[in-house]
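2 protein chains.
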Amino acid sequence: MSLVMPAPDSRVLDRRAAIVAALCAIVPGEGVIDEPRRLKVYESDGLTAYRQPPMVVVLPETVEQVSAVLAYCHAHGIRVVPRGAGTSLSGGALPLVDAVLLGMAKFNRILSVDYADRVAVVQPGVTNLAVTEAVSPRGFYYAPDPSSQIACTIGGNVAENSGGVHCLKYGLTTNNVLALQVVLIDGTVLRLGGGHLDAAGLDLVGLMVGSEGLLGVVTEVTVRILPRPETARALLIGFATVEGAGQCVADVIGAGIVPAGMEMMDRPAIHAAEAFVHAGYPLDVEALLIVELDGPAAECDHLVGEIAAIATRNGATTCRAAADEAERMRFWAGRKAAFPAVGRLAPDYYCMDGTIPRRRLPEVLARMRVLSEDYGLGVANVFHAGDGNLHPLILYDANRPGELARAEAFGADILRLCVEVGGVLTGEHGVGVEKRELMPVMFAAADLDQQLRVKAAFDPPSLLNPGKMFPLLHRCAEQGRVHIHGGALPHPDLPRF
Amino acid sequence: MSLVMPAPDSRVLDRRAAIVAALCAIVPGEGVIDEPRRLKVYESDGLTAYRQPPMVVVLPETVEQVSAVLAYCHAHGIRVVPRGAGTSLSGGALPLVDAVLLGMAKFNRILSVDYADRVAVVQPGVTNLAVTEAVSPRGFYYAPDPSSQIACTIGGNVAENSGGVHCLKYGLTTNNVLALQVVLIDGTVLRLGGGHLDAAGLDLVGLMVGSEGLLGVVTEVTVRILPRPETARALLIGFATVEGAGQCVADVIGAGIVPAGMEMMDRPAIHAAEAFVHAGYPLDVEALLIVELDGPAAECDHLVGEIAAIATRNGATTCRAAADEAERMRFWAGRKAAFPAVGRLAPDYYCMDGTIPRRRLPEVLARMRVLSEDYGLGVANVFHAGDGNLHPLILYDANRPGELARAEAFGADILRLCVEVGGVLTGEHGVGVEKRELMPVMFAAADLDQQLRVKAAFDPPSLLNPGKMFPLLHRCAEQGRVHIHGGALPHPDLPRF
Numbered sequence: 001m002s003l004v005m006p007a008p009d010s011r012v013l014d015r016r017a018a019i020v021a022a023l024c025a026i027v028p029g030e031g032v033i034d035e036p037r038r039l040k041v042y043e044s045d046g047l048t049a050y051r052q053p054p055m056v057v058v059l060p061e062t063v064e065q066v067s068a069v070l071a072y073c074h075a076h077g078i079r080v081v082p083r084g085a086g087t088s089l090s091g092g093a094l095p096l097v098d099a100v101l102l103g104m105a106k107f108n109r110i111l112s113v114d115y116a117d118r119v120a121v122v123q124p125g126v127t128n129l130a131v132t133e134a135v136s137p138r139g140f141y142y143a144p145d146p147s148s149q150i151a152c153t154i155g156g157n158v159a160e161n162s163g164g165v166h167c168l169k170y171g172l173t174t175n176n177v178l179a180l181q182v183v184l185i186d187g188t189v190l191r192l193g194g195g196h197l198d199a200a201g202l203d204l205v206g207l208m209v210g211s212e213g214l215l216g217v218v219t220e221v222t223v224r225i226l227p228r229p230e231t232a233r234a235l236l237i238g239f240a241t242v243e244g245a246g247q248c249v250a251d252v253i254g255a256g257i258v259p260a261g262m263e264m265m266d267r268p269a270i271h272a273a274e275a276f277v278h279a280g281y282p283l284d285v286e287a288l289l290i291v292e293l294d295g296p297a298a299e300c301d302h303l304v305g306e307i308a309a310i311a312t313r314n315g316a317t318t319c320r321a322a323a324d325e326a327e328r329m330r331f332w333a334g335r336k337a338a339f340p341a342v343g344r345l346a347p348d349y350y351c352m353d354g355t356i357p358r359r360r361l362p363e364v365l366a367r368m369r370v371l372s373e374d375y376g377l378g379v380a381n382v383f384h385a386g387d388g389n390l391h392p393l394i395l396y397d398a399n400r401p402g403e404l405a406r407a408e409a410f411g412a413d414i415l416r417l418c419v420e421v422g423g424v425l426t427g428e429h430g431v432g433v434e435k436r437e438l439m440p441v442m443f444a445a446a447d448l449d450q451q452l453r454v455k456a457a458f459d460p461p462s463l464l465n466p467g468k469m470f471p472l473l474h475r476c477a478e479q480g481r482v483h484i485h486g487g488a489l490p491h492p493d494l495p496r497f
Numbered sequence: 001m002s003l004v005m006p007a008p009d010s011r012v013l014d015r016r017a018a019i020v021a022a023l024c025a026i027v028p029g030e031g032v033i034d035e036p037r038r039l040k041v042y043e044s045d046g047l048t049a050y051r052q053p054p055m056v057v058v059l060p061e062t063v064e065q066v067s068a069v070l071a072y073c074h075a076h077g078i079r080v081v082p083r084g085a086g087t088s089l090s091g092g093a094l095p096l097v098d099a100v101l102l103g104m105a106k107f108n109r110i111l112s113v114d115y116a117d118r119v120a121v122v123q124p125g126v127t128n129l130a131v132t133e134a135v136s137p138r139g140f141y142y143a144p145d146p147s148s149q150i151a152c153t154i155g156g157n158v159a160e161n162s163g164g165v166h167c168l169k170y171g172l173t174t175n176n177v178l179a180l181q182v183v184l185i186d187g188t189v190l191r192l193g194g195g196h197l198d199a200a201g202l203d204l205v206g207l208m209v210g211s212e213g214l215l216g217v218v219t220e221v222t223v224r225i226l227p228r229p230e231t232a233r234a235l236l237i238g239f240a241t242v243e244g245a246g247q248c249v250a251d252v253i254g255a256g257i258v259p260a261g262m263e264m265m266d267r268p269a270i271h272a273a274e275a276f277v278h279a280g281y282p283l284d285v286e287a288l289l290i291v292e293l294d295g296p297a298a299e300c301d302h303l304v305g306e307i308a309a310i311a312t313r314n315g316a317t318t319c320r321a322a323a324d325e326a327e328r329m330r331f332w333a334g335r336k337a338a339f340p341a342v343g344r345l346a347p348d349y350y351c352m353d354g355t356i357p358r359r360r361l362p363e364v365l366a367r368m369r370v371l372s373e374d375y376g377l378g379v380a381n382v383f384h385a386g387d388g389n390l391h392p393l394i395l396y397d398a399n400r401p402g403e404l405a406r407a408e409a410f411g412a413d414i415l416r417l418c419v420e421v422g423g424v425l426t427g428e429h430g431v432g433v434e435k436r437e438l439m440p441v442m443f444a445a446a447d448l449d450q451q452l453r454v455k456a457a458f459d460p461p462s463l464l465n466p467g468k469m470f471p472l473l474h475r476c477a478e479q480g481r482v483h484i485h486g487g488a489l490p491h492p493d494l495p496r497f
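Protein chains in written order, with full-length UniProt numbering: chain A, 1 to 497; chain B, 1 to 497.
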């Protein structure tokens, strides 16, 4: 979406120069970026359909600098957009023309690891994979594994409550974070949580995780680390119908088995992935499940047999256990390459993220096919079936007039469908700018009001990441009336692109 | 602690009569209790050292009535103390002389169960055990299992983020609740969460769980239910030293094994329990572990062997697997009877609740023995060792002048010790009135300020459960200065006993 920028007047330029000078005083050296050419690097995140270079980028190195930057912005009413690695798929780190982009890239150290208590204290700019790499020599790992784990950072994972293949068994980020250090918009530094069980008082750690940068800037994260399971086994199961695959997922879960991961791919995704990486996937099936078990070898062997029996009962046409570690990695190579592989099917794709009750999988996939025909846009499905967490990839061509808008309307219909069948608007990608206008589909006006009051309890002037998560005009969808906060139009969170 | 009540004047009595009349209009029939004799039933919860009959009790039956009661109290500035079954061990439901006690006992229905998606929707007054009983014919159960599960209700479990033996493997209440219906102090009815994964927006469900009745009144709870594991096996392991038992716990967890429960008892607790229920416990040991494994039989058999080997390496003097289900139940009977059994050792006991890093167990138990001698009061330990969640039972005699105060001082020292070694003030019992003055040991003034701002975002006039969780005079312990909120003395949350 091309955004028209207003022509800056001299008053705006003076203000900008003053802000740049102030930030340079707080973060000396290479910590402030304000040349237009270098700002362009920051103009979007993983939701590349939206682009807007920031006013200025600041890259602090210490908590004191973060605190001073925020206190300065607070004192002068300047908006702030926090950014990790910029891999958000919902536009969570989309800059604003009049906001400081606060990049946390220099907070990239692992501060301590305690193997006996199985916790690691890391800075927010450490990548997800780097946590696992740091502890793997001792046989440990960090469980949440979003697809972007090579690039995405723990701070961004906290902001978006990121998941991944293994969250079926090991939980989302919120289940793997014990404590946080957070800087509020006025510069106050807080320590939330306590490293063990229930930390007493209100659970502000739980509230911070998934708050998409609206409540504070995370400067330190205490995460759980887990001993790497003794064994992992993977099964590749093909079905002649999506219904059979969906029922198999429901039956496995219903049998009390919690696989480490249970992923589904539909025909377009299977063919794209197989052509791309030759994973050995069967091509004569409508749906493919990759089921991974981990734990003691005795348990895995037992469960592989049980799952194979459930698959057979649900009409599986092929069922293959990886013979060795190399084959298991090949099974996953196809899944992991599915997004870039689908990217070869069309010039652009739009990755959606919604969650539904598992038993509604076949129905929702069928209705999605009808929507696909109605909109005249293809769709491929690669998703966390065990969690009911869908990732439809809508295929389109941004160069064809109107196609992006049509893809977005299709995506919104898919999310409405998720809510209609009893699901939710997200799985693990957050709301960001992408889904903010859909929030009233899921939440009543009173529910959104309460969320906004909690936001105000952290950031009364609404300077932190404005324009994300909440609908710009907080509509009361049920009653067809427009609901304005604070009595003022435009809405205080209205971003000025 | 005997509390001196002020003599009521006629203005107070008129106000009380008006409140009773208004509540009777909202909840007709048997729903309002105001005779002093019947109010006495409600004068304390599980923390019986504190007693205060409420001004009046109201027992609504519908969400509309709850909303109307709260809206009335809000409009007239009347304080409200919500109450489930009254089993709180931290005084979370302690009444106030000038507050309405809002009892949720009549919300006792299971509204729906969805086995395919493994969720049950229940009213808050349903007991913890009743959820399991309702779904057990289909082979399911509700995992959190506080010791009070026969009596305690789901609403109270949500308020206190209750745990239990099985929370080591299956998480606390917060990990098992997906959605809530909540009534705010102004009568607004909210729906929080969404029943699946991450519900988009700020995580207000996570915030509500463990909020001890300070944010809203829960009127409906959507909980996860789990298929009952195929098998359960229990091991009884005795050690000549507490250090050996503590190291065994750390090694089991460090080996990547997550037992369904791992409980420890020390010598006084072992002897008391054995004398009480003849569980077959060895009497020549200093510490006893009960370790339970659940899951597929193949997995359990494998893990029983691994744990036995770890126990032997740590110098276990006895290690016995339950031969059959009857023996397994006997192992647990002793653990479950440990509290009443310890109750026979002294006229009174005070059950503490703190959590420490597992590897500090031997050191903390040793320092607790020194404190026990210093205070001249016995202590027995029965606790969730796998979680590092201690439950020291301090033995005292309330009829001896000064002993209660000494027991409380001893308890406070234990909790300070927990925080000192890197632990937290609670495990699963909440802060309530019991630990509110200790909150500054764990949280800095800025952290408490932020919690209070979040409280105010739900309940601006601070009418809901005042006097719980937060220190009465929010002291800035580090700086030795007194910090008053809102500029007023007495503190707005100061309860008027």
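Quick reminder that beta carbons are idealized off the backbone N, C-alpha and C, glycines included. All of these numbers come straight from a predicted model, not from anything done at the bench.
*Does DSSP classify residue 501 of chain A as helix, strand or coil?*
An answer regarding residue 501 of chain A cannot be provided, because it is not within the stretch 1 to 497 covered by chain A.
*Close-in-space but distant-in-sequence residues of the same chain around residue 499 of chain A (CB under 6 Å, 5 per side omitted)*: In the structure as shown, chain A begins at 1 and stops at 497. Residue 499 of chain A is therefore absent and cannot be evaluated.
*C476 of chain B in three-state terms, based on DSSP*: In this prediction, C476 of chain B scores a pLDDT of 38, lower than 50, which makes its location untrustworthy; no coordinate-derived value is stated.
*Can you give me the start and stop residues for the alpha helix (DSSP H) that Q247 of chain A sits inside?*
242-254
*Could you work out which residue in A:P137, A:A130, A:D203 is closest to P144 of chain A when comparing CA atoms only?*
A:A130
_DSSP three-state assignment for Q451 of chain A, whether helix, strand or coil_ = helix
*Given a threshold of 16 other Cβ atoms within 10 Å of its Cβ, counted over all protein chains shown, does R344 of chain B qualify as buried or as exposed?*
exposed
_In the DSSP assignment, the beta strand (DSSP E) including E263 of chain B goes from what residue to what residue?_
Taken as a continuous stretch (DSSP letters only), the beta strand (DSSP E) holding E263 of chain B covers 261-266.
*State the Cα-Cα distance for the pair V242 of chain A and E286 of chain A, rounded to the nearest angstrom.*
The alpha-carbon of V242 of chain A is positioned some 6 Å away from that of E286 of chain A.
_Could you check whether the Cβ of G411 of chain B sits closer than 9 Å to any Cβ belonging to chain A?_
no
*Around the C-beta of E403 of chain B, are 16 or more other C-beta atoms found within 10 angstroms, so that it is buried, or is it exposed?*
Buried, since its Cβ has 16 or more Cβ neighbours within 10 Å.
*At a CB-CB cut-off below 9 Å, which residues of chain B make contact with L303 of chain A?*
Those are P296, A298, E299, listed as they occur along chain B.
*Looking at C-alpha atoms only, which residue of B:G246, B:A337, B:A25, B:R16 is the closest neighbour of E35 of chain B?*
Taking only the C-alpha atoms, the option nearest E35 of chain B is B:R16.
_DSSP-derived helix/strand/coil call for D301 of chain B_ = helix
*Just confirm the distance between the C-beta atoms of L463 of chain A and H74 of chain A, as a whole number of angstroms; I'd bet it's less than 8 Å.*
6 Å
*Taking just the CA atoms, how far does I225 of chain B sit from N175 of chain B?*
11 Å
*Starting from E220 of chain B, follow the beta strand (DSSP E) in both directions and report where the run begins and ends.*
217-224
*What in chain B is Cβ-close to F443 of chain A, meaning under 7 Å?*
G201
*asked:* Below 8 Å, how does it come out for the region 19-29 of chain B and the region 119-135 of chain B: are there three or more Cβ pairs, yes or no?
replied: no
*CA nearest to the CA of Y375 of chain A, picked from A:A85, A:R406, A:D117*: A:R406
*Where do the ends of the beta strand (DSSP E) carrying H74 of chain A lie?*
That residue, H74 of chain A, is in no beta strand (DSSP E); its alpha helix (DSSP H) goes 63-75.
*Hey, out of B:E420, B:P401, B:G422, B:Y349, whose CA is closest to H391 of chain B's CA?*
B:Y349
*Please report how far the alpha carbon of V58 of chain A lies from the alpha carbon of H271 of chain A, in whole angstroms.*
44 Å
_Neighbour list for V183 of chain B in chain A, Cβ cutoff strictly below 7 Å_ = By Cβ distance, chain A contributes nothing, its closest Cβ being about 11 Å from V183 of chain B, past 7 Å.
*Check whether the region 198-207 of chain B touches the region 277-293 of chain B, counting contact only when three or more Cβ pairs, one atom from each stretch, lie closer than 8 Å.*
By the Cβ test, the region 198-207 of chain B is not in contact with the region 277-293 of chain B, since fewer than three Cβ pairs between them sit closer than 8 Å.
*In its own chain, which residues sit with a C-beta less than 6 Å from the C-beta of L361 of chain A, not counting the 5 before and 5 after it?*
The residues are G246.
*Can you name the residues of chain A whose CB is closer than 9 Å to the CB of K468 of chain B?*
Here the premise fails: no neighbours, minimum Cβ distance about 11 Å.
*From V32 of chain B to T48 of chain B, what does the alpha carbon distance come to, in whole angstroms?*
24 Å
*Are the Cβ atoms of Q149 of chain A and G139 of chain A separated by less than 9 Å?*
no
*Reference A179 of chain A; option with closest CA among A:V249, A:L207, A:C319*: The residue with the shortest Cα to Cα distance from A179 of chain A is A:L207.
*Between V27 of chain A and L101 of chain A, is the Cβ-Cβ spacing less than 9 Å?*
no
*Quick one: does S211 of chain B have its CB under 9 Å from some CB of chain A?*
It does; some Cβ of chain A falls within 9 Å.
*Kindly indicate which residue of A:D14, A:C24, A:E64, A:G171 has the alpha-carbon position closest to the one of N389 of chain A.*
Relative to the Cα of N389 of chain A, the nearest Cα in the group A:D14, A:C24, A:E64, A:G171 belongs to A:G171.
*Roughly how far, in whole angstroms, is the beta-carbon of D387 of chain A from the beta-carbon of I310 of chain A, given that I think they are within contact range, below 8 Å?*
Not a contact, Cβ separation roughly 18 Å.
*Tell me where the alpha helix (DSSP H) around G206 of chain B begins and ends.*
Per DSSP, G206 of chain B belongs to the alpha helix (DSSP H) from 204-208.
*Run through the region 407-441 of chain B for me and flag every whole alpha helix (DSSP H) of 4 or more residues, listed as ranges in chain order.*
If only uninterrupted alpha helix (DSSP H) runs of at least 4 residues are considered, none is enclosed by the region 407-441 of chain B.
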